[in-house]
Amino acid sequence: MGEMTVKSKKIEQPNSDFFKTYLKHIGKKGLLSREEEVDIYERIEDSYRSLVNTICDYEKENDSKGLYGISILLDELANLDIENKEKKVQRRKAKDLPIDNPYRIISDLEDVIVRGSKRKRSNEKEKAKDWLFELLHWSEYSEQNNEDEIKETFRVEETVETYRQVIISTVERIIDETKNTVADYNKFIFKAETEEEMLQYQEKKSQIEEMVKNSKKIIREIQKNKHGMAERNLGLVINIAKRYQGRGLALDDLISEGNIGLMKAVEKFDYRKGNKFSSYATWWIRQSIMYDIKNNSRDIRLPVSVIANLMLHKKASKVIEEKVGREPTENEISNYVADHFLSGKRENETAEKFEMKIQEAKGATGAMVRLDKKVNEDAEVIDFIENPNDNYDPTKQYSKKELELVTRKVLSTLTPREEKIIRMRFGIGEEEAYTLEKTSKSFNVSRERIRQIEVIALRRLRHATRRRRLEPFLEE
(Lines of atoms letter the chains of each structure in order from A and count residues from 1; the text may use other names and numbers.)
(Lines give C-alpha, C1' and ligand atoms only; values in the text may rest on other atoms or scores of the structure.)
Protein backbone atom coordinates (compact mmCIF):
# COMPACT_ATOMS: atom_id res chain seq x y z
CA MET A 1 0.00 0.00 0.00
CA GLY A 2 1.34 3.45 -0.89
CA GLU A 3 1.45 6.20 1.69
CA MET A 4 -1.67 8.22 2.12
CA THR A 5 -1.42 11.97 2.26
CA VAL A 6 -3.99 14.48 3.33
CA LYS A 7 -3.66 18.12 2.38
CA SER A 8 -2.80 20.15 5.46
CA LYS A 9 -5.48 22.62 4.43
CA LYS A 10 -8.11 20.09 5.26
CA ILE A 11 -6.92 19.42 8.80
CA GLU A 12 -6.77 23.04 9.84
CA GLN A 13 -9.39 24.24 12.19
CA PRO A 14 -9.75 27.84 13.36
CA ASN A 15 -9.40 28.74 16.99
CA SER A 16 -12.71 27.45 18.36
CA ASP A 17 -13.45 30.34 20.73
CA PHE A 18 -12.46 32.96 18.17
CA PHE A 19 -14.56 31.32 15.46
CA LYS A 20 -17.62 31.08 17.72
CA THR A 21 -17.22 34.75 18.64
CA TYR A 22 -16.96 35.63 14.95
CA LEU A 23 -20.14 33.71 14.10
CA LYS A 24 -21.97 35.29 17.04
CA HIS A 25 -20.84 38.78 16.00
CA ILE A 26 -21.93 38.29 12.39
CA GLY A 27 -25.26 36.84 13.50
CA LYS A 28 -26.18 40.12 15.21
CA LYS A 29 -26.08 42.04 11.93
CA GLY A 30 -29.24 41.68 9.90
CA LEU A 31 -29.60 42.07 6.15
CA LEU A 32 -30.07 45.53 4.70
CA SER A 33 -33.46 46.75 3.58
CA ARG A 34 -34.04 47.45 -0.11
CA GLU A 35 -33.89 51.20 0.61
CA GLU A 36 -30.54 50.86 2.40
CA GLU A 37 -29.11 48.83 -0.48
CA VAL A 38 -30.16 51.46 -3.00
CA ASP A 39 -28.64 54.21 -0.85
CA ILE A 40 -25.25 52.44 -0.73
CA TYR A 41 -25.17 51.74 -4.46
CA GLU A 42 -26.21 55.29 -5.33
CA ARG A 43 -23.25 56.54 -3.26
CA ILE A 44 -20.94 54.11 -5.08
CA GLU A 45 -22.35 55.28 -8.42
CA ASP A 46 -21.79 58.95 -7.54
CA SER A 47 -18.21 58.17 -6.53
CA TYR A 48 -17.45 56.47 -9.84
CA ARG A 49 -19.02 59.41 -11.70
CA SER A 50 -16.68 61.78 -9.84
CA LEU A 51 -13.68 59.68 -10.88
CA VAL A 52 -14.81 59.71 -14.53
CA ASN A 53 -15.04 63.51 -14.33
CA THR A 54 -11.51 63.60 -12.94
CA ILE A 55 -10.29 61.50 -15.88
CA CYS A 56 -11.99 63.77 -18.41
CA ASP A 57 -10.72 66.98 -16.77
CA TYR A 58 -7.11 65.89 -16.40
CA GLU A 59 -4.52 67.41 -18.69
CA LYS A 60 -0.83 67.08 -17.97
CA GLU A 61 0.65 70.51 -18.43
CA ASN A 62 4.29 71.15 -19.33
CA ASP A 63 4.14 68.08 -21.58
CA SER A 64 4.89 68.45 -25.27
CA LYS A 65 2.60 65.50 -26.04
CA GLY A 66 -0.35 67.08 -24.25
CA LEU A 67 -1.25 63.98 -22.21
CA TYR A 68 -4.94 63.82 -21.31
CA GLY A 69 -6.73 61.62 -18.77
CA ILE A 70 -8.89 60.13 -21.53
CA SER A 71 -5.68 59.06 -23.32
CA ILE A 72 -4.54 57.19 -20.21
CA LEU A 73 -7.98 55.57 -20.00
CA LEU A 74 -7.67 54.30 -23.58
CA ASP A 75 -4.25 52.88 -22.79
CA GLU A 76 -5.69 51.06 -19.78
CA LEU A 77 -8.62 49.83 -21.84
CA ALA A 78 -6.32 48.45 -24.54
CA ASN A 79 -4.92 45.98 -22.01
CA LEU A 80 -8.32 44.37 -21.51
CA ASP A 81 -9.32 41.25 -23.41
CA ILE A 82 -12.85 42.02 -24.50
CA GLU A 83 -15.23 40.66 -27.11
CA ASN A 84 -14.10 37.04 -27.03
CA LYS A 85 -10.45 37.85 -26.34
CA GLU A 86 -9.88 39.74 -29.58
CA LYS A 87 -6.29 40.57 -30.48
CA LYS A 88 -4.66 43.63 -28.97
CA VAL A 89 -6.43 46.79 -30.08
CA GLN A 90 -4.20 49.18 -31.95
CA ARG A 91 -5.29 52.76 -31.38
CA ARG A 92 -4.57 53.73 -34.97
CA LYS A 93 -7.11 51.07 -36.03
CA ALA A 94 -9.93 52.22 -33.72
CA LYS A 95 -11.91 53.52 -36.71
CA ASP A 96 -11.80 50.05 -38.24
CA LEU A 97 -13.60 48.50 -35.26
CA PRO A 98 -17.40 48.01 -35.25
CA ILE A 99 -19.30 51.21 -34.53
CA ASP A 100 -20.67 49.76 -31.25
CA ASN A 101 -17.24 48.59 -30.04
CA PRO A 102 -16.53 50.18 -26.61
CA TYR A 103 -12.93 51.02 -27.52
CA ARG A 104 -14.03 52.83 -30.66
CA ILE A 105 -16.76 54.72 -28.80
CA ILE A 106 -14.30 55.94 -26.16
CA SER A 107 -11.75 56.79 -28.85
CA ASP A 108 -14.38 58.99 -30.52
CA LEU A 109 -15.25 60.55 -27.15
CA GLU A 110 -11.57 61.40 -26.69
CA ASP A 111 -11.79 63.78 -29.64
CA VAL A 112 -14.95 65.39 -28.23
CA ILE A 113 -13.51 65.81 -24.73
CA VAL A 114 -10.13 67.17 -25.87
CA ARG A 115 -11.82 69.50 -28.37
CA GLY A 116 -14.23 70.63 -25.67
CA SER A 117 -11.31 71.40 -23.34
CA LYS A 118 -9.39 73.38 -25.93
CA ARG A 119 -12.37 75.33 -27.25
CA LYS A 120 -14.06 75.75 -23.87
CA ARG A 121 -17.21 74.00 -25.10
CA SER A 122 -18.50 72.94 -21.71
CA ASN A 123 -21.88 71.61 -22.90
CA GLU A 124 -20.28 69.35 -25.49
CA LYS A 125 -17.76 68.08 -22.97
CA GLU A 126 -20.35 67.46 -20.23
CA LYS A 127 -22.45 65.34 -22.59
CA ALA A 128 -19.35 63.33 -23.49
CA LYS A 129 -18.67 62.79 -19.79
CA ASP A 130 -22.18 61.39 -19.30
CA TRP A 131 -21.79 59.04 -22.27
CA LEU A 132 -18.44 57.86 -20.98
CA PHE A 133 -19.79 57.21 -17.49
CA GLU A 134 -22.75 55.21 -18.79
CA LEU A 135 -20.46 53.10 -20.96
CA LEU A 136 -17.91 52.37 -18.25
CA HIS A 137 -20.17 51.98 -15.24
CA TRP A 138 -23.28 50.41 -16.74
CA SER A 139 -21.95 48.61 -19.82
CA GLU A 140 -22.69 44.95 -20.52
CA TYR A 141 -19.09 44.22 -19.54
CA SER A 142 -19.64 45.66 -16.05
CA GLU A 143 -22.43 43.28 -15.04
CA GLN A 144 -23.91 39.84 -15.60
CA ASN A 145 -27.50 40.09 -16.76
CA ASN A 146 -28.73 36.56 -16.21
CA GLU A 147 -27.85 33.22 -14.66
CA ASP A 148 -26.51 31.79 -17.94
CA GLU A 149 -23.93 34.58 -18.14
CA ILE A 150 -23.02 34.05 -14.49
CA LYS A 151 -22.44 30.35 -15.17
CA GLU A 152 -20.22 31.23 -18.12
CA THR A 153 -18.13 33.43 -15.85
CA PHE A 154 -17.34 30.47 -13.59
CA ARG A 155 -16.50 28.19 -16.52
CA VAL A 156 -13.47 30.23 -17.58
CA GLU A 157 -10.32 30.96 -15.58
CA GLU A 158 -10.05 34.60 -16.67
CA THR A 159 -13.39 36.27 -16.12
CA VAL A 160 -14.30 39.38 -18.06
CA GLU A 161 -12.77 42.28 -16.15
CA THR A 162 -15.14 45.10 -15.27
CA TYR A 163 -14.70 48.54 -16.73
CA ARG A 164 -15.27 49.92 -13.25
CA GLN A 165 -11.85 48.66 -12.24
CA VAL A 166 -10.41 50.44 -15.28
CA ILE A 167 -11.84 53.71 -13.96
CA ILE A 168 -9.92 53.27 -10.70
CA SER A 169 -6.70 52.05 -12.33
CA THR A 170 -6.79 55.06 -14.69
CA VAL A 171 -7.16 57.50 -11.80
CA GLU A 172 -4.31 55.75 -9.96
CA ARG A 173 -2.10 56.26 -13.01
CA ILE A 174 -3.09 59.92 -13.14
CA ILE A 175 -2.13 60.25 -9.47
CA ASP A 176 1.27 58.76 -10.29
CA GLU A 177 1.65 61.15 -13.23
CA THR A 178 1.03 64.17 -11.00
CA LYS A 179 4.09 63.41 -8.86
CA ASN A 180 6.41 64.64 -11.60
CA THR A 181 4.13 67.58 -12.35
CA VAL A 182 4.19 68.73 -8.71
CA ALA A 183 7.97 68.37 -8.68
CA ASP A 184 8.16 70.56 -11.81
CA TYR A 185 5.99 73.24 -10.22
CA ASN A 186 8.23 73.29 -7.15
CA LYS A 187 11.15 74.07 -9.46
CA PHE A 188 9.16 76.76 -11.27
CA ILE A 189 8.14 78.36 -7.97
CA PHE A 190 11.77 78.42 -6.85
CA LYS A 191 12.91 79.98 -10.15
CA ALA A 192 10.00 82.41 -10.55
CA GLU A 193 11.18 85.91 -11.37
CA THR A 194 8.07 87.74 -10.16
CA GLU A 195 5.65 87.26 -7.28
CA GLU A 196 2.73 87.04 -9.71
CA GLU A 197 4.44 84.22 -11.60
CA MET A 198 5.20 82.40 -8.34
CA LEU A 199 1.57 82.69 -7.19
CA GLN A 200 0.34 81.26 -10.50
CA TYR A 201 2.55 78.21 -10.12
CA GLN A 202 1.53 77.78 -6.49
CA GLU A 203 -2.16 77.91 -7.45
CA LYS A 204 -1.73 75.27 -10.17
CA LYS A 205 0.25 73.07 -7.81
CA SER A 206 -2.47 73.41 -5.14
CA GLN A 207 -5.15 72.46 -7.66
CA ILE A 208 -3.29 69.27 -8.57
CA GLU A 209 -2.70 68.37 -4.92
CA GLU A 210 -6.39 68.95 -4.14
CA MET A 211 -7.40 66.74 -7.09
CA VAL A 212 -5.11 63.96 -5.85
CA LYS A 213 -6.43 64.28 -2.29
CA ASN A 214 -10.06 64.14 -3.42
CA SER A 215 -9.43 61.22 -5.79
CA LYS A 216 -7.81 59.14 -3.05
CA LYS A 217 -10.71 59.96 -0.73
CA ILE A 218 -13.27 58.90 -3.36
CA ILE A 219 -11.49 55.59 -3.99
CA ARG A 220 -11.48 54.93 -0.23
CA GLU A 221 -15.20 55.71 -0.07
CA ILE A 222 -15.94 53.24 -2.87
CA GLN A 223 -14.05 50.51 -1.03
CA LYS A 224 -15.71 51.46 2.27
CA ASN A 225 -19.22 51.24 0.79
CA LYS A 226 -18.49 47.93 -0.92
CA HIS A 227 -17.03 46.57 2.31
CA GLY A 228 -20.11 47.73 4.22
CA MET A 229 -22.37 46.02 1.71
CA ALA A 230 -20.41 42.77 2.04
CA GLU A 231 -20.22 42.96 5.84
CA ARG A 232 -23.99 43.20 6.24
CA ASN A 233 -24.39 40.05 4.12
CA LEU A 234 -21.79 37.85 5.85
CA GLY A 235 -24.60 36.18 7.76
CA LEU A 236 -26.04 35.07 4.42
CA VAL A 237 -22.69 33.47 3.56
CA ILE A 238 -22.61 31.58 6.87
CA ASN A 239 -26.15 30.26 6.45
CA ILE A 240 -25.39 29.00 2.95
CA ALA A 241 -21.98 27.59 3.94
CA LYS A 242 -23.55 25.48 6.71
CA ARG A 243 -25.62 23.63 4.12
CA TYR A 244 -22.44 22.32 2.50
CA GLN A 245 -20.78 20.94 5.63
CA GLY A 246 -19.66 17.33 5.43
CA ARG A 247 -18.37 17.51 1.86
CA GLY A 248 -14.66 17.59 2.62
CA LEU A 249 -14.18 21.24 3.62
CA ALA A 250 -14.18 22.76 7.11
CA LEU A 251 -16.79 25.41 7.83
CA ASP A 252 -14.23 28.23 7.86
CA ASP A 253 -13.04 27.14 4.39
CA LEU A 254 -16.61 27.13 3.12
CA ILE A 255 -17.17 30.61 4.55
CA SER A 256 -13.94 31.91 2.96
CA GLU A 257 -15.01 30.65 -0.45
CA GLY A 258 -18.52 31.98 0.07
CA ASN A 259 -17.06 35.40 0.86
CA ILE A 260 -15.29 35.40 -2.51
CA GLY A 261 -18.62 34.78 -4.22
CA LEU A 262 -20.18 37.52 -2.11
CA MET A 263 -17.57 40.04 -3.26
CA LYS A 264 -18.26 39.12 -6.90
CA ALA A 265 -21.94 39.81 -6.27
CA VAL A 266 -21.14 43.16 -4.63
CA GLU A 267 -19.14 44.20 -7.69
CA LYS A 268 -21.75 43.15 -10.26
CA PHE A 269 -25.10 43.92 -8.62
CA ASP A 270 -27.35 46.34 -10.53
CA TYR A 271 -29.68 48.01 -8.02
CA ARG A 272 -31.73 49.60 -10.83
CA LYS A 273 -33.38 46.29 -11.74
CA GLY A 274 -35.38 46.22 -8.51
CA ASN A 275 -34.01 42.93 -7.18
CA LYS A 276 -33.02 42.35 -3.56
CA PHE A 277 -29.25 41.97 -3.20
CA SER A 278 -29.53 38.82 -1.07
CA SER A 279 -31.44 37.04 -3.85
CA TYR A 280 -28.79 37.98 -6.39
CA ALA A 281 -25.85 37.16 -4.10
CA THR A 282 -27.13 33.72 -3.09
CA TRP A 283 -26.34 32.25 -6.50
CA TRP A 284 -22.79 33.67 -6.51
CA ILE A 285 -22.09 32.42 -2.98
CA ARG A 286 -23.36 28.91 -3.71
CA GLN A 287 -21.46 28.71 -6.98
CA SER A 288 -18.19 29.81 -5.37
CA ILE A 289 -18.53 27.23 -2.57
CA MET A 290 -19.45 24.42 -4.96
CA TYR A 291 -16.56 25.35 -7.25
CA ASP A 292 -14.06 24.97 -4.39
CA ILE A 293 -15.60 21.69 -3.20
CA LYS A 294 -15.23 20.35 -6.73
CA ASN A 295 -11.59 21.46 -6.92
CA ASN A 296 -10.81 19.69 -3.64
CA SER A 297 -12.74 16.50 -4.35
CA ARG A 298 -9.53 14.49 -4.64
CA ASP A 299 -8.66 14.81 -0.97
CA ILE A 300 -8.88 11.52 0.98
CA ARG A 301 -12.23 11.11 2.72
CA LEU A 302 -12.58 7.73 4.43
CA PRO A 303 -14.80 6.17 7.12
CA VAL A 304 -13.22 5.88 10.57
CA SER A 305 -12.96 2.09 10.44
CA VAL A 306 -11.27 2.16 7.03
CA ILE A 307 -8.70 4.73 8.17
CA ALA A 308 -7.93 2.67 11.30
CA ASN A 309 -7.44 -0.53 9.25
CA LEU A 310 -5.17 1.21 6.76
CA MET A 311 -3.05 2.65 9.57
CA LEU A 312 -2.67 -0.81 11.14
CA HIS A 313 -1.76 -2.21 7.73
CA LYS A 314 0.88 0.45 7.21
CA LYS A 315 2.36 0.02 10.68
CA ALA A 316 2.58 -3.78 10.36
CA SER A 317 4.13 -3.49 6.90
CA LYS A 318 6.84 -1.20 8.24
CA VAL A 319 7.68 -3.49 11.19
CA ILE A 320 7.91 -6.62 9.03
CA GLU A 321 10.01 -4.89 6.37
CA GLU A 322 12.54 -3.79 9.02
CA LYS A 323 12.77 -7.37 10.29
CA VAL A 324 13.05 -9.31 7.01
CA GLY A 325 14.62 -6.65 4.80
CA ARG A 326 12.04 -6.87 2.02
CA GLU A 327 8.50 -5.80 1.23
CA PRO A 328 6.10 -8.15 3.05
CA THR A 329 3.22 -9.97 1.39
CA GLU A 330 -0.41 -9.15 2.14
CA ASN A 331 -0.76 -12.48 3.95
CA GLU A 332 2.22 -11.72 6.22
CA ILE A 333 0.85 -8.28 7.04
CA SER A 334 -2.63 -9.61 7.85
CA ASN A 335 -1.23 -12.36 10.13
CA TYR A 336 0.97 -9.84 11.97
CA VAL A 337 -1.97 -7.48 12.54
CA ALA A 338 -4.16 -10.33 13.82
CA ASP A 339 -1.44 -11.54 16.21
CA HIS A 340 -0.24 -8.18 17.58
CA PHE A 341 -2.77 -5.38 17.06
CA LEU A 342 -6.31 -6.72 17.20
CA SER A 343 -7.86 -6.68 20.66
CA GLY A 344 -11.15 -6.04 22.46
CA LYS A 345 -14.13 -6.58 20.16
CA ARG A 346 -11.75 -7.48 17.33
CA GLU A 347 -9.80 -10.04 19.37
CA ASN A 348 -11.31 -12.99 17.48
CA GLU A 349 -11.01 -11.39 14.02
CA THR A 350 -9.02 -13.64 11.67
CA ALA A 351 -6.16 -12.59 9.42
CA GLU A 352 -8.25 -13.55 6.38
CA LYS A 353 -11.08 -11.25 7.43
CA PHE A 354 -8.65 -8.35 8.00
CA GLU A 355 -7.06 -8.92 4.58
CA MET A 356 -10.52 -8.82 3.00
CA LYS A 357 -11.25 -5.48 4.73
CA ILE A 358 -8.03 -4.01 3.35
CA GLN A 359 -9.02 -5.06 -0.16
CA GLU A 360 -12.42 -3.43 0.32
CA ALA A 361 -10.74 -0.26 1.60
CA LYS A 362 -9.12 0.27 -1.79
CA GLY A 363 -12.51 1.16 -3.19
CA ALA A 364 -13.80 3.04 -0.18
CA THR A 365 -12.37 6.49 -0.99
CA GLY A 366 -15.80 7.86 -1.81
CA ALA A 367 -16.90 7.77 1.82
CA MET A 368 -16.41 10.74 4.08
CA VAL A 369 -15.44 11.51 7.68
CA ARG A 370 -14.67 14.54 9.77
CA LEU A 371 -11.01 14.42 10.80
CA ASP A 372 -11.86 15.79 14.26
CA LYS A 373 -14.36 13.00 14.95
CA LYS A 374 -13.69 10.86 18.04
CA VAL A 375 -12.41 7.31 17.43
CA ASN A 376 -12.34 6.59 21.16
CA GLU A 377 -12.09 8.56 24.40
CA ASP A 378 -8.45 9.49 23.84
CA ALA A 379 -8.08 9.86 20.08
CA GLU A 380 -9.56 11.50 17.00
CA VAL A 381 -9.33 10.34 13.38
CA ILE A 382 -6.60 12.88 12.74
CA ASP A 383 -4.37 11.11 15.29
CA PHE A 384 -4.15 8.10 12.97
CA ILE A 385 -2.91 10.14 10.01
CA GLU A 386 0.82 10.64 9.70
CA ASN A 387 1.91 14.23 9.25
CA PRO A 388 4.94 14.37 6.92
CA ASN A 389 6.00 17.63 8.56
CA ASP A 390 6.96 17.13 12.20
CA ASN A 391 7.25 20.88 12.65
CA TYR A 392 3.68 21.52 11.52
CA ASP A 393 2.37 24.74 13.00
CA PRO A 394 -1.39 25.28 12.49
CA THR A 395 -1.01 29.00 13.18
CA LYS A 396 1.55 29.42 10.41
CA GLN A 397 -0.48 27.29 8.04
CA TYR A 398 -3.60 29.36 8.73
CA SER A 399 -1.58 32.53 8.15
CA LYS A 400 -0.30 31.08 4.89
CA LYS A 401 -3.85 30.38 3.74
CA GLU A 402 -4.87 33.94 4.57
CA LEU A 403 -1.85 35.24 2.62
CA GLU A 404 -2.87 33.16 -0.39
CA LEU A 405 -6.40 34.58 -0.18
CA VAL A 406 -5.17 38.18 0.12
CA THR A 407 -2.69 37.65 -2.73
CA ARG A 408 -5.50 36.32 -4.92
CA LYS A 409 -7.65 39.35 -4.10
CA VAL A 410 -4.81 41.81 -4.79
CA LEU A 411 -3.95 40.19 -8.12
CA SER A 412 -7.64 40.20 -9.09
CA THR A 413 -7.54 44.03 -9.10
CA LEU A 414 -5.32 43.84 -12.18
CA THR A 415 -6.71 43.25 -15.65
CA PRO A 416 -7.03 39.55 -16.61
CA ARG A 417 -4.02 39.79 -18.94
CA GLU A 418 -1.86 41.55 -16.35
CA GLU A 419 -2.79 39.05 -13.64
CA LYS A 420 -1.97 36.08 -15.87
CA ILE A 421 1.37 37.59 -16.92
CA ILE A 422 2.39 38.32 -13.31
CA ARG A 423 1.42 34.78 -12.27
CA MET A 424 3.43 33.29 -15.14
CA ARG A 425 6.50 35.51 -14.71
CA PHE A 426 6.72 34.93 -10.93
CA GLY A 427 5.39 31.36 -10.83
CA ILE A 428 2.35 32.22 -8.70
CA GLY A 429 -0.01 29.29 -9.00
CA GLU A 430 2.17 27.88 -11.77
CA GLU A 431 4.59 24.94 -11.73
CA GLU A 432 7.48 27.29 -12.52
CA ALA A 433 8.26 30.89 -13.42
CA TYR A 434 8.01 31.58 -17.15
CA THR A 435 10.68 33.38 -19.18
CA LEU A 436 9.81 36.44 -21.26
CA GLU A 437 10.15 34.32 -24.39
CA LYS A 438 7.76 31.61 -23.17
CA THR A 439 5.25 34.15 -21.85
CA SER A 440 5.27 36.13 -25.10
CA LYS A 441 4.54 32.97 -27.09
CA SER A 442 1.58 32.18 -24.83
CA PHE A 443 0.04 35.57 -25.61
CA ASN A 444 1.27 35.75 -29.20
CA VAL A 445 2.92 39.13 -28.64
CA SER A 446 6.51 40.37 -28.51
CA ARG A 447 8.75 39.98 -25.47
CA GLU A 448 8.95 43.76 -25.22
CA ARG A 449 5.16 44.01 -24.97
CA ILE A 450 5.14 41.43 -22.15
CA ARG A 451 7.86 43.41 -20.37
CA GLN A 452 5.83 46.63 -20.71
CA ILE A 453 2.67 45.02 -19.31
CA GLU A 454 4.69 43.50 -16.45
CA VAL A 455 6.14 46.91 -15.54
CA ILE A 456 2.66 48.50 -15.55
CA ALA A 457 1.20 45.70 -13.42
CA LEU A 458 4.02 45.85 -10.86
CA ARG A 459 3.61 49.60 -10.58
CA ARG A 460 -0.06 49.11 -9.76
CA LEU A 461 0.71 46.43 -7.19
CA ARG A 462 3.07 48.87 -5.44
CA HIS A 463 0.23 51.36 -5.06
CA ALA A 464 -0.56 52.10 -1.41
CA THR A 465 -4.14 50.79 -1.61
CA ARG A 466 -2.87 47.35 -2.61
CA ARG A 467 0.39 47.33 -0.67
CA ARG A 468 -1.41 47.95 2.63
CA ARG A 469 -3.29 44.66 2.28
CA LEU A 470 -0.02 42.70 2.18
CA GLU A 471 1.94 44.66 4.81
CA PRO A 472 0.71 42.57 7.81
CA PHE A 473 2.23 39.46 6.23
CA LEU A 474 5.49 41.25 5.37
CA GLU A 475 5.88 42.21 9.02
CA GLU A 476 5.65 38.54 10.02
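8 is the number of the first residue of the sequence shown in our numbering; add one for each residue after it. Backbone N, C-alpha and C fix where the C-beta goes; we use that ideal spot for every residue, glycine too. Owing to the predicted nature of the structure, the values given are computational and were not obtained by experimental measurement.
{"Item": "Rounded Cβ spacing between G253 and I300 (contact assumed at less than 8 Å)", "Value": "So it is not a contact: roughly 11 Å between Cβ atoms."}
{"Item": "CB contact flag (I47, G235, <8 Å)", "Value": "yes"}
{"Item": "G434 burial status per 10 Å Cβ neighbour count (16 or more: buried)", "Value": "exposed"}
{"Item": "T201 - containing alpha helix (DSSP H), residue span", "Value": "It is not in any alpha helix (DSSP H) - T201 carries neither H nor E in the DSSP assignment."}
{"Item": "Continuous alpha helix (DSSP H) stretch holding Q366: start and end", "Value": "A358 to A368"}
{"Item": "DSSP-derived helix/strand/coil call for Y441", "Value": "coil"}
{"Item": "Cβ shell of G37 (< 8 Å), same chain only, five flanking positions each side left out", "Value": "R239 and G242"}
{"Item": "Cα-Cα separation, K275 to A190", "Value": "39 Å"}
{"Item": "Contiguous alpha helix (DSSP H) assignments of at least 4 residues, all confined to the stretch 178-250", "Value": "202-238 and 241-249"}
{"Item": "Expected contact under 8 Å - CB spacing of L177 and I62 to nearest Å", "Value": "The question names Leu, but residue 177 is Thr in the sequence shown. Contact flag correct, Cβ pair sits at about 6 Å."}
{"Item": "Nearest-angstrom Cα separation, counted from N342 out to E334", "Value": "15 Å"}
{"Item": "Assigned secondary structure, E66 (DSSP; H/G/I helix, E/B strand, else coil)", "Value": "strand"}
{"Item": "Rounded straight-line distance, which links the Cα of A257 to that of N338", "Value": "38 Å"}
{"Item": "Same chain only: Cβ atoms within 7 Å of R41, ignoring 5 sequence neighbours per side", "Value": "K283"}
{"Item": "Range of the contiguous alpha helix (DSSP H) that encloses S419", "Value": "Neither: S419 is in no alpha helix (DSSP H) and is coded neither H nor E."}
{"Item": "Contact set for M270: own chain, Cβ-Cβ below 7 Å, skip 5 residues either direction", "Value": "A237"}
{"Item": "Backbone CA spacing between S57 and E184 [nearest angstrom]", "Value": "19 Å"}
{"Item": "Pairwise C-alpha distance: A345 and E362", "Value": "10 Å"}
{"Item": "Counterpart residues of Y75 in DSSP-defined beta bridges", "Value": "E66"}
{"Item": "For Q294, three-class secondary structure by DSSP", "Value": "helix"}
{"Item": "Burial state of H347 (16 or more Cβ within 10 Å)", "Value": "exposed"}
{"Item": "Closest Cα partner of Q294 within the set G281, D277, F140 and I262", "Value": "I262"}
{"Item": "Per-residue DSSP class, three states only, for I435", "Value": "coil"}
{"Item": "Same chain, Cβ closer than 6 Å to R466, neighbours up to 5 away in sequence not counted", "Value": "none"}
{"Item": "N355 in three-state terms, based on DSSP", "Value": "coil"}
{"Item": "Residue of A368, A135, L81 and Y208 minimising C-alpha distance to A315", "Value": "A368"}
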